[in-house]
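Please read the structure below before turning to the comments.
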Amino acid sequence: MKLAAEDLSFVVNNKTLVDSVGLSVDSGQWLAIVGPNGAGKTTLLRLLLGLVPSTAGQVLVGGDPLPRLSRQEVAKRIAFVPQDGQVAFGFSVREVVAAGRTPYLGRLKPPGPTDQEAIVQAMREADVTEFADRVITTLSGGERQRVFLARAFAQETPILALDEPTAHLDLYHEQAFLDQVAWRREQGLTVLSVLHDLNLAAAYADRVLLLNGGRVVAEGTPTDVLTEARIASVFRVNVDIRPDERSGRPTVTPRRRVGAAVGT
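29 is the number of the first residue of the sequence shown in the numbering used here; add one for each residue after it.
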């Protein structure tokens, strides 16, 4: 399912946080939003999900204007994995993952066989089956993040949105997490992610959108967007970029500033 934005803007207290952003993500594509701290990445993602109302412009989900869709219909089209997901009560992991089936259930209707199958499969894919009966508040940040991915998988939506999804994961689970999302993308899932790590964006995304000051600096393939000159301009750091020996995708290596004070 296609997700698009047209001239999307967001202004708060006369400060423009997102400025006339346009983007389009087709079915089976992965778009990574990257940029320095304060660039407006998470704000843009929240606008695209309808979590905050835009000041101008519109978001289209499957060709339909987002505001015209009910919350239930949005939940059937887009699943979201937040950066720091919180659960207010002592639910078990299985119960949290089962919440992904809510858009398909009637009021107070328990999950049926099809729902249970989706829940079990989602926990297996996100590697949280061993935690199924544990209370989620007893898990580490990285373990909880995998639970929220399982919940998103159980939701079985055509679009998946991720906000810094690997922030709390170790190297093994970071790769496993993104590999699983990539496998789903190969099956037709549309993926929209905010990523802090430029190398992860380059390795997994089909296209990269570089944001700075709420504006789109560049959008295109990782090779087209992630250039040494552009990164130096936007991130204020010099890097070396070389193609990966296996994939040919760019790898970004910062140059050490020997003897330089921070901020110089």
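Each residue gets a CB set at the ideal place from its N, CA and C atoms; glycine is no exception. It should be emphasised that the depicted structure is a prediction, and the values quoted were computed from it without experimental measurement.
Out of the options, state which residue places its alpha-carbon closest to the alpha-carbon of residue i.
i, options, result
"residue 244", "170, 68 and 41", "68"
"residue 212", "100, 181 and 276", "181"
"residue 111", "43, 174 and 37", "174"
"residue 29", "46, 91 and 153", "91"
"residue 183", "203, 146, 198 and 205", "146"
"residue 267", "137, 279, 274 and 124", "279"
"residue 256", "50, 270 and 48", "270"
"residue 200", "64, 261, 246 and 171", "171"
"residue 231", "224, 250, 55 and 222", "250"
"residue 129", "115, 144 and 102", "144"
"residue 283", "210, 263, 204 and 217", "263"
Opposite residue i in the DSSP bridges: which residues?
i, result
"residue 86", "34"
"residue 120", "163"
"residue 59", "220 and 235"
With DSSP run on the structure shown, which of helix, strand or coil describes residue i?
i, result
"residue 240", "strand"
"residue 155", "coil"
"residue 110", "coil"
"residue 248", "strand"
"residue 80", "coil"
"residue 43", "strand"
"residue 48", "strand"
"residue 280", "strand"
"residue 267", "strand"
"residue 93", "strand"
"residue 53", "strand"
"residue 139", "coil"
"residue 275", "coil"
Between the beta-carbon of residue i and the beta-carbon of residue j, is there less than 7 Å?
i, j, result
"residue 189", "residue 94", "no"
"residue 238", "residue 62", "yes"
"residue 83", "residue 38", "yes"
"residue 191", "residue 70", "yes"
"residue 138", "residue 126", "no"
"residue 207", "residue 58", "no"
"residue 79", "residue 46", "no"
"residue 259", "residue 187", "no"
"residue 33", "residue 89", "no"
"residue 177", "residue 160", "no"
"residue 222", "residue 179", "no"
| Curious, which full-length beta strand (DSSP E) runs of at least 3 residues does the segment 177-241 contain? | Every beta strand (DSSP E) of 3 residues or more that sits fully in the segment 177-241 is shown, in chain order, as 187-191, 218-222 and 235-240.
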